[in-house]
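Numbering (our numbering), first residue to last: 95 to 978.
Beta carbons: idealized from backbone N, C-alpha and C, even for Gly.
What follows is a set of notes on a single structure, which appears directly below.
Right under this line is the structure:
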């Protein structure tokens, strides 16, 4: 059978083969190679799965099985992909029961199937396109109707008689009528007043002939009687005979435009007023190299030019020429700036210049601002600007400048006056307070005299505090006050303040409590002096206005959260009293200079400056002072300051608290005891001399710079007190000259001054001055500065009694030591000077003894400083007698 079928199969179809029920290819045509797209041998005897794709093979086997089972022809349609090519078949399967096989006769219908598929696609696309076209047309029509009806403008059509034949929904809403009320029943002119009707009838007749109506303005009246402005544009539609049929018209609600026009009219009116008031106007220059500029009416009036209808003027011959005539230098600078802007080197400018008006020859000051204007493509087309006549302003500036200079001169004169007044008052005050302190040390004074001295001292200190307050406020107002921060112990400061006020509080049976909260920083960096002054002022007020109860001072510090400084702290101090309180209406007066509350005026003393100075100090330190008060209950002042936490260890200050009746003495054996006092005021020299000599110092005095320089050349002192303000050579220059001497190198110099003005620290340093002692000074201030400069050189008379007694016992051996080492001639000279009480000569001889025996020299110096002349004579006379 296979051999018999082979020729038939090659003829009858494109693809023919016989397939067993088990899927073995028994016979096949040669054409099978074409569909297999291979040059391999004919696949007879192979499994169909090895030849064709799986799905195609399974379809073939199942078709054979069905044909055999039914013994009927089976139609066969399938396709498979062989090497990326899709092949479609159509044919039959003939059962061969004798061989349990099926004969496949298949035709390649790939081209036909592809054609049918393309036709189906084309037909589907065509149907879809038509549907889309119909839908789009419907949508566009709906959109057009929607747009037409609800457009932001009105659409309408008028027939030859003027009746409405069409109107959109927007137009109907504007006029307030329904479509049935309008179409064919109402004329457009029915919506106009009599003047509008007359205007429309005239223009409508003309419109039907010309076919165009542009920007006709009418006032349209609504159904409710209200009206609104419109802008009407129309086009006429004609028939083939040229007869008017109807119009196509657009109507714009002109309300907003009219409002803008009215606003512009007002703005123009205001601009004209502003231009007149400010004497300014605008101009522009076309950037077309025409050398012309266009000026507004105000500019023409300001520049004094002849008026021209075209407002066009020449830059070179008119503007620039008159600028040069105003001021040549300023004119050339102004011209340069304008030319640079026109040339594209800058986009704007702001200049001032002087302009000579050609109309009357007057010179005026002009302030002009220019900016480049570009078109939509960014091309520079205009230089536009505004100019203003600022002549009056310049005149006011000159007057203000003159007034400022006068005020500054007056302020300088006031400062000089205050400085001189301070010096003239503080200089005698230094003598008054100094001698009162010295006299208080006299143990022979009776109680009455001592009380008088205390009154003198207190009154002097009170007068000094008043002067200081007035002068300090003057410095604050002049802006001459600075912050001088130092590292100090806050806790110690508060304890000292408490000690300072405790006795006063006890005198009125008032309690004084200082509360330092846990975590409060002990060491801080700030202006210790100003913080002290603030607390003294607040506690003084609390003491003054409190008669029962007491005063509490609370203190705490917190981290300052503002800023990046990790050491920044906020210092809070509250001073609360149980006093009379402050009326609410008087609280605003508290911190004003020279202002006092009603109770403050009834209380004696005070300038009304303490709180004003304190709040200025606080604000200088980044803080403030506020107050809360209730009448008859008390007041609380809240201080807030910005300070820095100090990393330095606790500073131990020298103990300079002394009883006014006790005398600090030099420790035995101290060598640095010779002091030069330089001051042109005799009383001030005497006060300082007495203080120093009472404590064991040897002093020498000079009343001017030249004497001081000579004194240093004659005998080198251990320390110099130098008055800064002296006639001739002042203290600064004297200090420089002394330190430049061979004999003066390294001598510590302390300046003395009665001025309250802040001294130039750099000038002080450059002069070689170590420190400054203000006049008048307190005893403890003087000795504190001496110990600061010379070291711990003092001992208290009472506390050091045993040491002094032991020291005095050493005089028993003094005679023998002195006679053993000191030349007899020097001893005789010393005895002679002692017998004559010639102190300076005596000290000179004692200094010579220092070359032979420093200890003997020091003992003799101490005896001389205490004016124990008899003891000195006894030492040497007894020694000489004993030797004989």
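C-alpha gap between residue i and residue j, whole angstroms
i           : j           : result
residue 144 : residue 225 : 49 Å
residue 788 : residue 759 : 8 Å
residue 819 : residue 867 : 13 Å
residue 547 : residue 522 : 16 Å
residue 935 : residue 925 : 11 Å
residue 672 : residue 507 : 44 Å
residue 804 : residue 863 : 19 Å
residue 856 : residue 832 : 18 Å
residue 655 : residue 860 : 40 Å
residue 300 : residue 340 : 14 Å
residue 135 : residue 215 : 40 Å
residue 234 : residue 167 : 58 Å
residue 217 : residue 209 : 12 Å
residue 848 : residue 795 : 19 Å
residue 957 : residue 761 : 13 Å
residue 540 : residue 529 : 17 Å
residue 544 : residue 711 : 37 Å
residue 456 : residue 449 : 8 Å
residue 602 : residue 596 : 10 Å
residue 113 : residue 198 : 8 Å
residue 220 : residue 213 : 10 Å
residue 525 : residue 781 : 6 Å
residue 414 : residue 396 : 15 Å
residue 186 : residue 201 : 9 Å
residue 651 : residue 877 : 33 Å
residue 659 : residue 667 : 22 Å
Residue environment, residue i, which counts as buried when at least 16 other CB atoms sit within 10 Å
i           : result
residue 196 : buried
residue 154 : buried
residue 75  : The structure shown does not extend to residue 75, since the chain spans only 95 to 978, so no value can be given for it.
residue 817 : buried
residue 401 : exposed
residue 503 : exposed
residue 873 : buried
residue 952 : buried
residue 917 : exposed
residue 206 : exposed
residue 289 : exposed
residue 715 : buried
residue 649 : buried
residue 611 : exposed
residue 968 : exposed
residue 939 : buried
residue 407 : buried
Top-ranked residue by Cα proximity to residue i, from the options
i           : options               : result
residue 629 : 837, 663, 531 and 704 : 704
residue 140 : 124, 120, 126 and 149 : 120
residue 473 : 381, 540, 551 and 492 : 381
residue 149 : 165, 174 and 137      : 174
residue 943 : 923, 932 and 929      : 923
residue 189 : 886, 727, 165 and 205 : 165
residue 726 : 799, 643 and 349      : 643
residue 404 : 378, 798 and 454      : 378
residue 285 : 306, 321 and 251      : 321
residue 777 : 330, 256 and 870      : 870
residue 342 : 317, 305, 739 and 767 : 305
residue 266 : 254, 875 and 247      : 247
residue 609 : 598, 645, 594 and 634 : 645
residue 477 : 485, 930, 431 and 886 : 431
How do the segment 621-639 and the segment 658-678 stand: do at least 3 beta-carbon pairs fall below 8 Å, yes or no? yes
Whole runs of the alpha helix (DSSP H) within the segment 373-417, excluding any shorter than 4 residues: 391-397
With three or more C-beta pairs closer than 8 Å as the rule, is the segment 445-452 touching the segment 420-435? yes
Counting beta carbon pairs with one atom in the segment 606-623 and one in the segment 578-597, are three or more of them shorter than 8 Å? The segment 578-597 vs the segment 606-623: in contact.
Extract the residue ranges of the alpha helix (DSSP H) inside the segment 143-182, only unbroken runs of 4 or more that lie entirely within it. 148-164
For a minimum of 4 consecutive residues, which ranges assigned as the alpha helix (DSSP H) are wholly contained in the segment 206-254? none
Closer than 8 Å is the cut-off here; do at least three beta carbon pairs connect the segment 497-505 with the segment 458-465? no
Looking at C-beta atoms only, is the number of pairs between the segment 290-297 and the segment 259-277 that lie closer than 8 Å three or more? A contact is defined here as three or more CB-CB pairs under 8 Å, and the segment 290-297 fails this definition with respect to the segment 259-277.
Which parts of the segment 446-515 are runs of the beta strand (DSSP E), unbroken and 3 residues or longer, counting only runs that do not cross its ends? 457-468 and 474-483
Would you mind listing the alpha helix (DSSP H) stretches within the segment 574-611 that are 4+ residues and don't spill past its ends, in chain order? 584-601
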